[in-house]
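Numbering (my numbering), first residue to last: 26 to 253.
Ideal placement from N, C-alpha and C gives every residue a C-beta, glycine not left out.
Report on the following structure.
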Amino acid sequence: MAEKVNFNIDKDKNFSEWFTDIIQKAELADLRYNIKGFLVFQPWSVLAMEKMYALLEKILQKKNHKPYWFPTLIPESNLKKESSHIGGFTPEVFWVTKGGEKELDEKYALRPTSETAFYQMFSLWLRSYKDLPFKTYQRANIFRYDTKATRPFLRSREFHWIETHCAHASEEDALQQVDEDMETTQQFLHDQLGIPFIFFERPVWDKFPGAHRTFAADVLNPDGKVIQ
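Written out as structure tokens, the structure reads:
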């Protein structure tokens with residue numbers, strides 16, 4: 026018989042401590058890796074995430090998003106082209122400055138997000154309106170030098186996600202894509218995983234760096250804090 030595991034922390038009174046405790050006792054992640062903010066994902070969490078990836082990718086592919094794998098490194102010159110976009114991430118960028126013992130001619134960022142990688146290639150691939158809409162996605166790991174308190178699975182310096190990137194002929198088409206994204210979120214997050222969420226347009230002060238408009242889904246934790 027498997028050893029019984031006791032949870033002695035009151036979830037309602039101390040959600041933060043309960044959350045960290047259950048991650049360790051359920052063997053979802055080992056938090057002892059010797060770089061702050063980085064996790065070792067253990068088999069139970071990896072298997073669960075693989076199933077979640079499969080569910081979401083199936084939905085995306087049915088809606089004509091094509092899968093890509095982009096490099097982890099992004100040249101600094103790419104980031105500078107989108108200074109208004111990347112400016113909000115610059116303090117959090119991990120930089121690669123050397124190859125072996127040789128200083129590189131240009132710094133490379135460990136991707137904090139992938140817009141400047143995708144749209145660099147879009148400029149080479151898309152030649153006319155006939156190529157639109159162009160809908161892509163990738164599963165990737167993202168790196169951000171977050172200086173705030175890190176939390177396993179919620180606020181790490183490396184995290185895993187699926188990101189979609191699209192090109193459209195008009196703002197109207199792009200907003201129709203937002204409606205489709207909301208539908209995708211409903212199908213995946215609520216219908217498949219049973220997680221309730223709120224999907225809304227962000228106020229000006231909370232927009233994504235460089236964005237014209239920002240729409241996103243929020244999930245409320247039992248302690249009242251929000252996960253985007």
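Between His190 and Phe143, how many whole angstroms is the CB-CB distance? I'm expecting something under 8 Å. Along the sequence shown, one-based indexing puts residue 190 at 165. Along the sequence shown, one-based indexing puts residue 143 at 118. Rounded, the Cβ-Cβ distance is 4 Å, consistent with contact.
Terminal residues of the beta strand (DSSP E) in which Ala134 lies: Here residue 134 is taken as the residue at index 109 of the sequence shown, counted from 1. Ala134 -> beta strand (DSSP E) spans Lys127 to Leu135.
What span of residues does the alpha helix (DSSP H) with Trp69 cover, start to end? Sequence index remark: in the sequence shown, residue 69 carries index 44 (1-based). Run containing Trp69: Pro68 to Lys87, per the alpha helix (DSSP H) assignment.
What did DSSP end up calling Lys61 once you bin it into helix, strand or coil? Within the sequence shown, residue 61 is the residue found at index 36, counting from 1. Coil.
At what residues does the alpha helix (DSSP H) containing Leu149 begin and finish? Position 124 of the sequence shown, counting from 1, holds the residue named residue 149. Run containing Leu149: Glu140 to Trp150, per the alpha helix (DSSP H) assignment.
Rounded separation between Glu82 and Gln163 - CA only: As a working note, residue 82 is residue 57 in the sequence shown. As a working note, residue 163 is residue 138 in the sequence shown. Cα to Cα, Glu82 sits roughly 9 Å from Gln163.
Rounded to whole angstroms, what's the CA-CA distance from Tyr148 to Thr141? Just pull it up for me. Here residue 148 refers to the residue found at position 123 of the sequence shown. Here residue 141 refers to the residue found at position 116 of the sequence shown. Note that residue 148 is Ser in the sequence shown here, rather than Tyr. About 11 Å.
Sheet register partners of Asp243 (DSSP bridge): Sequence index remark: in the sequence shown, residue 243 carries index 218 (1-based). Per DSSP, Ile223.
State yes or no: is the C-beta of His237 nearer than 6 Å to some heavy atom of the ligand NAP? Inclusion of the ligand NAP in the displayed structure is not the case, the ligand content being empty and no account of it being possible.
Identify the continuous beta strand (DSSP E) that holds Val229 and give its terminal residues. The residue given as residue 229 occupies position 204 in the sequence shown. From DSSP, Val229 is part of no beta strand (DSSP E); its letter is neither H nor E.
Looking only at its own chain, which residues have a Cβ that is under 8 Å from the Cβ of Glu198, when we skip the five neighbours before and after it? Locating residue 198 in the sequence shown gives position 173, where the first residue counts as 1. Position check: residue 198 holds Asp in this sequence, whereas Glu was assumed. Closer than 8 Å at the Cβ level, and outside the excluded window around Asp198, lie Leu157 and Pro158.
Taking just the CA atoms, how far does Ala79 sit from His90? What you label residue 90 is simply residue 65 of the sequence shown in a count that begins at 1. What you label residue 79 is simply residue 54 of the sequence shown in a count that begins at 1. So the alpha carbons of these two residues sit roughly 14 Å apart.
Distance between Arg169 and Phe119 (C-alpha atoms, nearest Å): Mapped onto the sequence shown, residue 119 falls at position 94. Mapped onto the sequence shown, residue 169 falls at position 144. One C-alpha to the other measures close to 7 Å.
Would you please state the rounded distance, in angstroms, between the beta carbons of Ala54 and Ile48? I believe it to be under 8 Å. As a working mapping, residue 54 is identified with position 29 in the sequence shown. As a working mapping, residue 48 is identified with position 23 in the sequence shown. Correct: roughly 5 Å between the Cβ atoms.
Inter-stretch contact at 8 Å, needing at least 3 Cβ pairs: the region 131 to 140 / the region 84 to 99: yes
Determine the DSSP secondary structure at Glu188, reduced to helix, strand or coil. Position 163 of the sequence shown, counting from 1, holds the residue named residue 188. Looking at Glu188 - three-state DSSP - the assignment turns out to be strand.
Beta strand (DSSP E) containing Ile99: first to last residue? For the purposes of this step, residue 99 is taken as the residue at position 74 of the sequence shown. Unbroken beta strand (DSSP E) run through Ile99: Leu98 to Pro100.
Among Asp171, Gly219 and Leu129, whose alpha-carbon lies nearest the alpha-carbon of Glu117? For the purposes of this step, residue 117 is taken as the residue at position 92 of the sequence shown. Here the closest residue by C-alpha is Asp171.
The alpha helix (DSSP H) with Thr45 in it runs from where to where? As a working mapping, residue 45 is identified with position 20 in the sequence shown. Start and end: Phe40 to Lys50.
Of the choices Phe178, Asp37 and Ile84, whose alpha-carbon is the least far from that of Met207? The residue you call residue 207 lines up with position 182 of the sequence shown. Checked all of Phe178, Asp37 and Ile84; the closest Cα to Met207 is Ile84.
Gly124: buried (16+ other C-beta within 10 angstroms of its C-beta) or exposed? Here residue 124 refers to the residue found at position 99 of the sequence shown. Exposed, because fewer than 16 other Cβ atoms sit within 10 Å of the Cβ of Gly124.
Whole-angstrom C-beta distance between Phe222 and Ala242, which should lie under 8 Å: Here the question's residue 242 lines up with position 217 in the sequence shown. Here the question's residue 222 lines up with position 197 in the sequence shown. With a Cβ gap of about 5 Å, Ala242 and Phe222 count as contacting.
Going by beta carbon distance, what residues of the same chain come within less than 8 Å of Asp204, once the five residues before and after it are set aside? The sequence position of residue 204 within the sequence shown is 179, counting from 1. Result list for Asp204: empty, nothing under 8 Å.
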